[in-house]
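Asks: So for the sequence shown, my numbering puts the first residue at -2; every next one is plus one.
Got a structure here, written out as structure tokens. Questions coming.
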Amino acid sequence: MADPSTDMTSLQIARRLLGEALPRHWKLYLGSLICMFGVAGFTAALAYSTKLIVNEVFVAGSATAAYQVAALLAVVSIGKSGFEYANVVIGTKFTRSVAAFYQKATFKAMVAKSVPYFAGKHAAKHMAEVMLFGRAAGLIVTTVLNKLSTDVLTLIGLVAVMIYTDPLMSISLAVLFPLIFGLVALLTRRIKAVAAEETELQGKIQSVGAEAFEGIKTVKSYGLEEKSKSKFAAAVNALEDRMLGIAKTTSLTIPLMEFLGGLAIGLFILYASWQTGQGTRTAGDFTAFITAFLLAYQPAERVSQNWVMIQKSLVQVGQMYGLFASSDGDARTGTATLEGRSSALKFDGVSFRYNAEAAALHDLSFETKPGERIAVVGRSGAGKTTLIDLVQRFYAPTKGVISIGGQDLAEVTPDAMRDAIALISQDVFLFDGTIRNNIRDGNPDATDYEIAAAADRAMVSAFADDMPDGLDSEIGPNGASLSGGQKQRVGIARAMVKHAKIYIYDEATSALDGANEHKIMQATVDSATQSTILFVTHRPSTLQWVDRVLLLDHGKLVAFDTHEVLMETNAIYRALFNLEAKEDADT
């Protein structure tokens, strides 16, 4: 999957982001604005007070003026530090509020994407984008509306002091501005060129690390520690190189401002000595001017550095808006429901291919009866997984129509599709929480009695009763505290409370022993007499529970009949389960 992008310019991205964030967080901005004016005003007052110190205290030697100026400096310092503290606190809150909003929005947009969007990309990379996009949005909003604005207002106040004390020198220093702006514009173009890959590199680190930890048993079993460390080190080094490039570019503003500042001070000293000799300016005037200039240095440096950093974040926010605008939404759209429809499943001339690859399914046509139990079998790559993905409408058929109870699934709402189908896969995914909550995920409206009944039928109670809190026991991320067979039982119980029209058991009992499998299968068929059940399986033991068998090979429907008929008429079917060898061994 390519990185999301947008055709918006940097200015358009910034306008959109600020236009969205400002109305939503106007109270924080109002507080920040008050603090900004406070910081700017007191900083300018601090610079101007140096004129009073020199002229009234040191030159005039007035003791009264000394007390007055000392009191003034105390008030100015307290006011400046108080507003700065409040501004930092508000800015932090501002950043987190904006970042949290866009992290939630990015996650919401990703969850709404169709299954193909997630193919071939580690989940950690998606989460890296969620976190990085939100942080970038928060940084831009806070930098522009708080940090940058504070520094600009402070500069305006200090420049006003400079102009008031010496207009001619102030105008002379203005010739430096075009040079500064030109160099910052050059750095801006360079930062955009290196920033685009940061999102991908951040995701790479997380995916490589998560891969090693998730597969730690395989890593240990096959001695892959060195390989894992090498892959992770390579990912970290790649990001380090990229971040170093960004740091080199953004940090160029520091020597730039140092050089220009030193040049300006040197020129000013020459000018001041000449003016003093002429007697047209007081020492206090020059002290106030140079103090204002020196105090302006840091905010001016931050303005240039923050401006360059904003450009990097704008690239990432542009990727975020590209994600929002992407048309790759959930394929399950429509307005119809399946209420009152039977559980009969029909494929009518259905074909499907993944992108430009060879067709995974070729012209499939079959129909099940309501309440029928069907085994879907075939060799690896026959198209079984594709078939069940199409039933759930994770993908749309390239050609043909799939219907339930006569209703074309292309016209069914996502909510109706969700309610109609229950999947129990071989690798059951469970959420961090209790057994009860994981079962309730199948039906949020299920009562505790229904959950307990499903737990009994799926043999969950057999092990949950031995746990300290029974069904309310915590099981950890993805059921880490449960065995594979126990996880499958919880997954089956989750499906049982759903009351679906179509149940899909994708090797759902592969980790169960024979006795538990038999009990669960019996409970499954007894509790879903009106539902169609698809058993995707390679296990001969499952065949005793089905009415008919759908045999696929190379994406084509080879046969659709009873187990007995296929045993007699189809060599592919017999070879698939080694039934011929078994029969020979029994004779």
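Even glycine gets a Cβ: it sits at the ideal position worked out from N, Cα and C.
Taking the alpha carbon of Arg605 as the reference point, which residue from Arg545, Leu49, Ala133 and Gly88 has its own alpha carbon closest?
Replies: Residue numbering for the chain in the displayed model covers -2 to 584; residue 605 lies beyond these limits and cannot be assessed.
Asks: Report the rounded CA-to-CA distance for Pro1 versus Phe391, giving the unit in angstroms.
Replies: The predicted model places Pro1 with a pLDDT of 48, which falls under 50 and marks its position as unreliable, so this point remains unresolved.
Asks: According to DSSP, is Ile472 part of a helix, a strand, or is it coil?
Replies: Looking at Ile472 - three-state DSSP - the assignment turns out to be coil, as it is neither helix nor strand.
Asks: What distance in whole Å lies between the Cβ atoms of Val305 and Ala134, which are believed to be in contact at a cut-off of 8 Å?
Replies: Ala134 to Val305, Cβ: 18 Å. No contact.
Asks: Near Gln203, which residues of its chain fall below 6 Å by C-beta distance, leaving aside the five closest residues on each side in sequence?
Replies: The answer, listed in chain order, is Ala121 and Ala125.
Asks: Taking the beta carbon of Leu291 as the centre, do at least 16 other beta carbons fall within 10 Å, making it buried, or is it exposed?
Replies: Exposed.
Asks: Tell me which residue opens and which closes the alpha helix (DSSP H) that Gly481 is part of.
Replies: Gly481 -> alpha helix (DSSP H) spans Gly481 to Met493.
Asks: Would you mind listing the alpha helix (DSSP H) stretches within the segment 339 to 416 that are 4+ residues and don't spill past its ends, in chain order?
Replies: If we require 4 residues or more, the alpha helix (DSSP H) runs fully inside the segment 339 to 416 come out as 381 to 388.
Asks: Can you tell me which of Leu549, Asp523 and Val522 puts its alpha carbon nearest to the alpha carbon of Val533?
Replies: The candidate whose alpha carbon is nearest that of Val533 is Leu549.
Asks: Tell me which residues share the same chain as Thr151 and place their Cβ nearer than 7 Å to its Cβ, disregarding the 5 neighbours each side in the sequence.
Replies: Val36, Ala37, Thr40 and Pro296.
Asks: Hey, how far is the Cα of Phe115 from the Cα of Asp405?
Replies: Going by the C-alpha atoms only, they are around 26 Å apart.
Asks: Helix, strand or coil for Thr521? Go by DSSP, reduced to three states.
Replies: Helix.
Asks: Could you have a look at Ala443 and say whether DSSP puts it in helix, strand or coil?
Replies: Ala443 falls in the coil class under three-state DSSP.
Asks: Whole angstroms is fine: what's the gap from Tyr318's alpha carbon to Lys101's?
Replies: Going by the C-alpha atoms only, they are around 14 Å apart.
Asks: Ignore the nearest five residues each way along the sequence and tell me which others in Met456's own chain have a CB closer than 7 Å to its CB.
Replies: Excluding residues within five positions, the ones whose Cβ falls inside 7 Å are Arg486, Asn513, Lys516 and Ile517.
Asks: Please identify the residue among Gly402, Ser310, Tyr351 and Phe349 whose C-alpha is closest to the C-alpha of Ala333.
Replies: Ranking the options by Cα distance to Ala333, first place goes to Gly402.
Asks: Three Cβ pairs or more, each shorter than 8 Å: is that satisfied between the segment 136 to 154 and the segment 11 to 29?
Replies: With a cut-off of 8 Å, the segment 11 to 29 and the segment 136 to 154 count as touching, because enough Cβ pairs lie within range.
Asks: Figure out for me which residue from Ile153, Leu25, Ser507 and Tyr446 has the closest Cα to the Cα of Ala42.
Replies: The shortest Cα separation from Ala42 among Ile153, Leu25, Ser507 and Tyr446 belongs to Ile153.
Asks: Pull up the DSSP beta-bridge partners for Ile421, would you.
Replies: Partner(s): Tyr502.
Asks: Pop quiz: Leu531 and Tyr570 are said to be a contact at Cβ under 8 Å. What is the actual Cβ separation, rounded to whole angstroms?
Replies: Going by Cβ atoms, the distance from Leu531 to Tyr570 rounds to 17 Å, so no, they are not a contact pair.
Asks: Could you pull the start and end residues of the beta strand (DSSP E) that Lys553 belongs to?
Replies: Lys553 to Asp558 is the span of the beta strand (DSSP E), which, as asked, contains Lys553.
Asks: Can you find a CB in chain D that lies within less than 8 Å of the CB of Tyr446?
Replies: Absent from the structure: chain D. Only one protein chain is present.
Asks: Using the Cα positions of His535 and Ala96, report the straight-line distance between them to the nearest angstrom.
Replies: Cα to Cα, the separation comes out at about 48 Å.
Asks: Between Gly596 and Gly380, which are expected to be in contact by the criterion C-beta below 8 Å, what is the C-beta distance as a whole number of angstroms?
Replies: Any question about residue 596 goes unanswered here, given that the chain covers just -2 to 584.
Asks: Would you tell me roughly how many angstroms separate the C-alpha atoms of Glu504 and Ile421, rounded to the nearest one?
Replies: Computed Cα separation, rounded: 8 Å.
Asks: Taking the CB atoms as reference points, tell me whether Ser362 and Thr395 lie closer together than 8 Å.
Replies: In this structure, Thr395 does not lie closer than 8 Å to Ser362 by Cβ.
Asks: Could you pull the start and end residues of the alpha helix (DSSP H) that Arg12 belongs to?
Replies: Start and end: Ser7 to Arg21.
Asks: In chain order, what residues of the same chain have a beta carbon less than 7 Å from the beta carbon of Gln423, not counting five sequence neighbours either side?
Replies: Counting only Cβ-Cβ distances below 7 Å, and skipping sequence neighbours, we find Asp503, Glu504, Ala505 and Ser507.
Asks: Taking Lys224 as the reference, which of Ala235, Val205, Asp238 and Leu241 has the closest Cα?
Replies: It is Val205.
Asks: Among the residues of its own chain, which have a CB less than 6 Å from the CB of Ala232, if the five just before and after it don't count?
Replies: Lys201, Ile202 and Val205.
Asks: Rounded to whole angstroms, what's the CA-CA distance from Ala300 to Ser310? Just pull it up for me.
Replies: Rather than Ala, the amino acid found at residue 300 in this sequence is Val. Their backbone Cα atoms lie some 15 Å apart in a straight line.
Asks: What does a CB cutoff of less than 8 Å around Ala357 pick up in its chain, not counting 5 residues either side in sequence?
Replies: Excluding residues within five positions, the ones whose Cβ falls inside 8 Å are Phe349, Arg350, Tyr351, Gly380, Thr383 and Gly552.
Asks: Can you tell me whether Ala572 is buried or exposed, with buried defined as 16 or more other CB within 10 angstroms of its CB?
Replies: The residue is exposed, with fewer than 16 neighbouring Cβ atoms inside 10 Å.
Asks: Taking C-alpha atoms, which residue in Lys48, Val398 and Leu19 lies nearest to Ala67?
Replies: Closest option to Ala67, Cα to Cα, is Lys48.
Asks: Going by Cα to Cα distance, which pick from Ala355, Pro367, Gly28 and Gly337 is closest to Lys343?
Replies: The shortest Cα separation from Lys343 among Ala355, Pro367, Gly28 and Gly337 belongs to Pro367.
Asks: Just how far apart, CA to CA, sit Phe98 and Gly131?
Replies: Roughly 7 Å between the two C-alpha positions.
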